[in-house]
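Here is the structure we will look at.
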Amino acid sequence: MGAASMNTKATLFAQHFFHGGKADLGPGDLITPGYASNFGQRKTAAFVYLTATLDAAVWGAELAVGEGPGRIFVVEPSGPLEDDPNLTDKKYPGNPTKSYRSRDPLRIVGEVVGWTGHPPEDLKAMRERVAEAARRGIEAIED
175 MGAASMNTKA TLFAQHFFHG GKADLGPGDL ITPGYASNFG QRKTAAFVYL
225 TATLDAAVWG AELAVGEGPG RIFVVEPSGP LEDDPNLTDK KYPGNPTKSY
275 RSRDPLRIVG EVVGWTGHPP EDLKAMRERV AEAARRGIEA IED
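Residue numbers (my numbering): 175 to 317.
Quick look at the structure:
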């Protein structure tokens, strides 16, 4: 198999990562740690979060704090990733949401347009769960 064929296969099987939010960003921009978290008391986030599933990115875009429409960015990590302990430890063993975090920036390489959000009743129920967690003082795991 020639080099061109191998490169095509590498592209076909490359992993894509997504980040859902409301920031006004575009290709080439970096998503970096150091901004207020979308959850709890909105403490400064030590990590940036990403997922390999579009559904998890949709939740991120729908639940993000701020003005403007939810957006889903296709991102490229610039450093090592680790499983997101906020979703993987006891909630979803084995990381079925394919949710990760990094201390290094994510570079935006594109945007998913025309995505479909969750049904209104599902979104309302999730917002209620997030609000209840905030009332109970549950914060994102940032260590």
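We put the beta carbon where it would ideally sit given N, CA and C, even for glycine. Small disclaimer: the values here were computed from a predicted structure and weren't measured.
What residue range does the alpha helix (DSSP H) around residue i cover?
i: G303; result: Checking the displayed sequence, the identity of residue 303 turns out to be Arg instead of Gly. It spans P294 to R309 - the alpha helix (DSSP H) in which R303 sits, taken as one unbroken run.
i: V232; result: L228 to L237
Tell me the rounded alpha-carbon separation between residue i and residue j.
i: D203; j: E285; result: 12 Å
i: Q189; j: G311; result: 35 Å
i: G242; j: L224; result: 20 Å
i: I282; j: A219; result: 19 Å
i: F221; j: L228; result: 20 Å
i: G234; j: F247; result: 11 Å
i: P254; j: P293; result: 34 Å
i: H193; j: D296; result: 20 Å
Where does residue i fall in DSSP's three states?
i: P259; result: helix
i: S252; result: coil
i: R277; result: coil
i: T271; result: coil
i: L204; result: strand
i: T290; result: coil
i: G214; result: Per-residue confidence for G214 stands at a pLDDT of 49, beneath the threshold of 50, marking its modelled position as unreliable; the derived number appears in the next sentence. Of the three classes helix, strand and coil, the one that applies to G214 here is coil, per DSSP.
Can you tell me where the beta strand (DSSP E) with residue i in it begins and where it stops?
i: E285; result: L280 to V286
i: F192; result: F191 to G195
i: Y223; result: V222 to T225
Counting only the same chain and skipping the five closest in sequence on each side, list residues whose C-beta sits under 8 Å from that of residue i.
i: E256; result: Y274, R275 and S276
i: F191; result: L224, T225, A226, V248, V249, E250, P251, Y274 and L280
Can you list, in chain order, the residues of its chain with a C-beta nearer than 7 Å to that of residue i? Leave out the 5 residues immediately preceding and following it.
i: G195; result: G234, A235, A238 and R245
i: P363; result: Nothing can be reported for residue 363, as the shown portion of the chain is limited to 175 through 317.
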